[in-house]
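*Asks:* Heads up: the protein sequence lines correspond to chains X and A, in order. The opening position of the first sequence corresponds to residue 16 in my numbering, with each subsequent residue numbered one higher. The opening position of the second sequence corresponds to residue 16 in my numbering, with each subsequent residue numbered one higher. For every residue, glycine included, the Cβ atom is placed at its ideal position computed from N, Cα and C. Treat the numbers as computed from the prediction; the structure is a model and nothing was measured.
Protein chains: 2
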Amino acid sequence: MKFNKEILKLYMITDSNYMDERESVLKAVKSGATCVQYRAKNTDTKQMIEVAKDLKKICNHHNVPLIINDRLDIALAIQADGIHIGQDDMPIEIVKKYASNMIIGVSASNIEQALIAEKKGADYIGAGAVFSTQTKKDANYMGIESLKELMKKIKIPVAAIGGINLKNIKEVLKTNIDGVCIISALLCSKDIEKTTKEFLKIIEEEHI
Amino acid sequence: MKFNKEILKLYMITDSNYMDERESVLKAVKSGATCVQYRAKNTDTKQMIEVAKDLKKICNHHNVPLIINDRLDIALAIQADGIHIGQDDMPIEIVKKYASNMIIGVSASNIEQALIAEKKGADYIGAGAVFSTQTKKDANYMGIESLKELMKKIKIPVAAIGGINLKNIKEVLKTNIDGVCIISALLCSKDIEKTTKEFLKIIEEEHI
Ligand code: NI
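(1) Go through its chain and collect everything with a Cβ distance to K212(X)'s Cβ below 6 Å, but skip five positions before and after it.
(2) Would you say A95(A) faces chain X, with C-beta separation under 8 Å as the test?
(3) Looking at chain A, is there any beta carbon in it that lies within less than 8 Å of the beta carbon of I83(X)?
(4) Looking at the secondary structure, which residues open and close the alpha helix (DSSP H) in which Y113(X) lies?
(5) For E221(X), collect the residues of the same chain with a Cβ closer than 7 Å to its Cβ; drop the 5 residues on either side in sequence, then sort them by chain order.
(6) Using beta carbons (cut-off 8 Å, strictly below), is I64(A) in contact with chain X?
(7) For the 8 Å Cβ check, are there 3 or more pairs between the segment 163 to 172 of chain X and the segment 122 to 129 of chain X?
(8) What are the partner residues of S122(X), as DSSP defines its beta bridges?
(9) Would you tell me roughly how many angstroms separate the C-alpha atoms of S39(X) and D138(A), rounded to the nearest one?
(10) Determine contact between the segment 18 to 33 of chain X and the segment 73 to 93 of chain A, defined as no fewer than three beta-carbon pairs at a distance below 8 Å.
(11) Using a Cβ cut-off of 7 Å, pull out every chain A residue sitting near I109(X), in sequence order please.
(12) Taking its Cβ as the centre, do 16 or more other Cβ atoms sit within 10 Å of T58(X), making it buried, or is it exposed?
(13) Return the Cβ separation of G194(A) and A174(A) in integer angstroms, given the expectation that the two are a contact with Cβ distance under 8 Å.
(14) Could you spell out where the beta strand (DSSP E) holding A175(A) opens and where it closes?
(15) Could you pull out every residue in the same chain whose Cβ sits closer than 7 Å to the Cβ of A132(A), ignoring the five residues on either side in sequence?
(16) For M105(A), I'd like the list of residues in its chain whose CB is within less than 7 Å of its CB, leaving aside the five on either flank, ordered along the chain.
(17) Assuming M166(A) is part of the alpha helix (DSSP H), what are its boundary residues?
(18) For M63(A) versus L202(A), is the C-beta distance shorter than 8 Å?
(19) Could you tell me if E36(A) is buried or exposed, where buried requires 16 or more neighbouring beta carbons within 10 angstroms of its beta carbon?
(20) Under 8 Å, do A142(X) and Y156(X) count as touching if we go by C-beta distance?
(21) Given that R86(A) touches chain X, what residues does it touch there, using C-beta distances under 8 Å?
(22) Assuming L25(A) and I218(A) make a contact with CB atoms under 8 Å, what is their CB distance in whole Å?
(23) May I ask you to report which of helix, strand or coil DSSP gives N84(A)?
(24) Count the other CB atoms within 10 Å of the CB of N84(X); is the residue buried (16 or more) or exposed (fewer)?
(25) Using the C-alpha atoms, what's the distance from V79(X) back to I192(X)?
(26) Identify the contact partners of M105(A) in chain X, using a Cβ-Cβ distance below 7 Å as the criterion.
(27) Just checking: is the beta-carbon of Y113(X) within a distance shorter than 8 Å of some beta-carbon in chain A?
Here it is in structure tokens:
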């Protein structure tokens, strides 16, 4: 799939610790989420492929790209729309070699990491954690000021990630960001569909 | 690498819970291990690639193939000699599509699984667990009699796995097996080099 920065607007990331992936993804994409990332740890490869296949059907039916976190093998197996790698994942050079047709996103927790990813040909940056977060307990958060600095230096599209919720999203959107990645604020909400729409409404109002 | 059933003779599998992979693999291949499988769970992809690269250097220097357990992405990233998949891993059809040049092994705990793997084009079967084992706590063991039955029905080469040690290996070799996979009996031994040689001596004496 050709990358278009519009997909970063409301980027949902799965976490089966909070909620079954199929259920949460269906609700989010029906309600306007613009991209989905399947992230799973300590799960058998066979099961990951089965879940990823189902998510791909759901996403593609709603014209939403499905990005696979970390695992090039899973991305290849289901011919995902993209792959997202962290700093502890596979080097981008290898991902590009085997998945040259896929969208490639890279996590960066500082400007240096983002500049390297940009230079190496990432399609977009996932920058964060913006705020302290429960999802990745070990993440050092960068804060709004560092995110503003990063946005001045990075030319490729950037989605902010980490602790973003309905209360603090406006502050994040003011940094000139291309989109926000949401995990727990969606997955822990009592009504994912309603919350997705609320996020989208704020994003549209702020014209990102 | 072209598959040759001779490599199954003394097939070592890594386990960092017992011992650092680089150290144990170097000792084993120096002493005559005929194949190495890198198996790691709950390890970052980047770290797995780094370890696997080092193991490949060590193995290939001693003309021993390096097989990667489960992870097609790691196998592709380091251009391993082969990939070994279990019943909960990626389907063999997908592995063959992306790693057509690699040796492909499949774990089977019964004849049905082995027959399917053979039909789908596996190069060899890892059959077991032969005995009850500490390494895979949930594995149901098949026993020597079932292994004998399996050997009668399967045409492709078979390596026995699971709880094989210096005391019970002769019994296993009598089943007409092509090789044995050893984990803890090597990794827990006080002298891996000496133990490797002891295993090899018995294997040569039994003419497998
Ligand atoms: Ni040497």
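*Replies:* On the basis of the coordinates in this document:
(1) Your numbering for residue 212(X) matches position 197 in the first sequence. S46.
(2) Within the second sequence, numbered from 1, the residue matching residue 95(A) stands at position 80. False, the Cβ-Cβ gap to chain X never drops below 8 Å.
(3) The count along the first sequence starts at 1 and reaches residue 83(X) at position 68. Chain A contact via Cβ: absent.
(4) On the first sequence, residue 113(X) is found 98 positions in, with the first residue counted as 1. From DSSP, the alpha helix (DSSP H) with Y113(X) extends over I107 to Y113.
(5) By 1-based counting over the first sequence, the position of residue 221(X) is 206. Within the same chain, E221(X) has close Cβ partners K185 and L188.
(6) Within the second sequence, residue 64(A) is the residue found at index 49, counting from 1. So yes, I64(A) belongs to the interface.
(7) yes
(8) Taking the first sequence and counting its residues from 1, the one referred to as residue 122(X) is at position 107. Bridge pairing for S122(X): G141(X) [DSSP].
(9) Working through the first sequence from its first residue, we reach residue 39(X) at position 24. Working through the second sequence from its first residue, we reach residue 138(A) at position 123. Near 40 Å, if we compare the C-alpha coordinates of D138(A) and S39(X).
(10) Segments in contact, no.
(11) If you number the first sequence from 1, residue 109(X) lands on position 94. Near I109(X) (Cβ distances below 7 Å), the residues of chain A are A92.
(12) Here residue 58(X) refers to the residue found at position 43 of the first sequence. Within 10 angstroms of the beta-carbon of T58(X) lie fewer than 16 other beta-carbons, which makes it exposed.
(13) Here residue 194(A) corresponds to residue number 179 of the second sequence, with the count starting at 1. Here residue 174(A) corresponds to residue number 159 of the second sequence, with the count starting at 1. Right, the Cβ-Cβ distance comes to about 4 Å (below 8 Å), so this counts as a contact.
(14) Reading the second sequence from its first residue, position 160 is the one you call residue 175(A). It spans V173 to I176 - the beta strand (DSSP E) in which A175(A) sits, taken as one unbroken run.
(15) Within the second sequence, residue 132(A) is the residue found at index 117, counting from 1. Answer for A132(A): I107, V121, A123 and I140, listed in chain order.
(16) Locating residue 105(A) in the second sequence gives position 90, counting from the first residue. Contacts found: L87.
(17) By 1-based counting over the second sequence, the position of residue 166(A) is 151. G158 to K168 is the extent of the alpha helix (DSSP H) around M166(A).
(18) Indexing the second sequence from 1 puts residue 63(A) at position 48. Indexing the second sequence from 1 puts residue 202(A) at position 187. Not closer than 8 Å, so no.
(19) The count along the second sequence starts at 1 and reaches residue 36(A) at position 21. Its Cβ being crowded by 16 or more others within 10 Å, E36(A) is buried.
(20) The residue labelled residue 142(X) in the question sits at position 127 within the first sequence. The residue labelled residue 156(X) in the question sits at position 141 within the first sequence. Going by C-beta atoms, A142(X) is not nearer than 8 Å to Y156(X).
(21) If you number the second sequence from 1, residue 86(A) lands on position 71. Residues of chain X passing the Cβ test: T60 and D88.
(22) Your numbering for residue 25(A) matches position 10 in the second sequence. Your numbering for residue 218(A) matches position 203 in the second sequence. About 6 Å separates the two Cβ atoms, so the contact holds.
(23) Counting from 1 along the second sequence, the entry for residue 84(A) is found at position 69. In the structure shown, N84(A) sits in a strand (DSSP, three-state: E or B).
(24) Taking the first residue of the first sequence as position 1, residue 84(X) is located at position 69. A residue is called buried when at least 16 other Cβ atoms come within 10 angstroms of its Cβ; N84(X) meets this threshold and is buried.
(25) Walking along the first sequence from the start, residue 192(X) turns up at place 177. Walking along the first sequence from the start, residue 79(X) turns up at place 64. The straight-line gap from Cα to Cα measures roughly 20 Å.
(26) Start at 1 with the first residue of the second sequence, and residue 105(A) comes out as number 90. Result: T60, K61, I64, D88 and A92.
(27) The residue given as residue 113(X) occupies position 98 in the first sequence. True, the Cβ-Cβ gap to chain A drops below 8 Å.
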